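Written out below as structure tokens is the structure these notes cover.
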Amino acid sequence: MALFHVRMDVKIPHDLDPEVRAETVAREKAYSQELQRSGKWKELWRIVGQYSNISIFDVESADELHELLQGLPLFPYMDMEVMALTRHPSRVD
Numbered sequence: 001m002a003l004f005h006v007r008m009d010v011k012i013p014h015d016l017d018p019e020v021r022a023e024t025v026a027r028e029k030a031y032s033q034e035l036q037r038s039g040k041w042k043e044l045w046r047i048v049g050q051y052s053n054i055s056i057f058d059v060e061s062a063d064e065l066h067e068l069l070q071g072l073p074l075f076p077y078m079d080m081e082v083m084a085l086t087r088h089p090s091r092v093d
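Next comes the structure, spelled out in structure tokens:
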């Protein structure tokens with residue numbers, strides 16, 4: 001398994017039809033909760049004061065992560081920063 005830190009900044013256009021926005025956000029929530037239940041989306045943290053989050057994904061590969069991220073209904077409206085993680089040698093378990 002591979003761990004990834006992903007920052008997602010959501011930028012939905014202000015002129016997007018409100019019904020389309022609500023439906024897209026609802027699909028996003030359902031999809032993200034499905035990934036959380038599967039164990040692939042390990043952590044989800046909101047960034048205070050922003051329409052952004054920090055997430056930790058536990059997936060097989062960067063390719064799998066890319067597929068999952070592209071599946072997000074809000075993907076077209078996001079800027080993302082992805083960082084691969086590895087254990088620190090000084091970490092105490």
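Residue numbers for the sequence shown follow our numbering, so the first one is 1 and each next one is one higher.
Ideal Cβ positions, reconstructed from N, Cα and C, are used throughout, including at glycine.
Fair warning: this is a prediction, and the values are worked out from it, not measured in the lab.
Per DSSP, the continuous beta strand (DSSP E) segment holding H5 begins and ends at A2 to V10.
Secondary structure of L69 (DSSP, three-state): helix. The beta carbons of K29 and Y77 sit no closer together than 7 Å. Counting C-beta pairs closer than 8 Å gives fewer than three between the region 17-24 and the region 52-70, which falls short of the contact rule. DSSP places E43 inside the beta strand (DSSP E), whose first and last residues are W41 to R46.
Counting along the chain, the unbroken beta strand (DSSP E) around E81 starts and ends at M78 to L85. Assignment of S38 by DSSP, reduced to helix, strand and coil, places it in the helix class. In the DSSP annotation of this structure, F75 is not part of any beta strand (DSSP E), being labelled neither H nor E.
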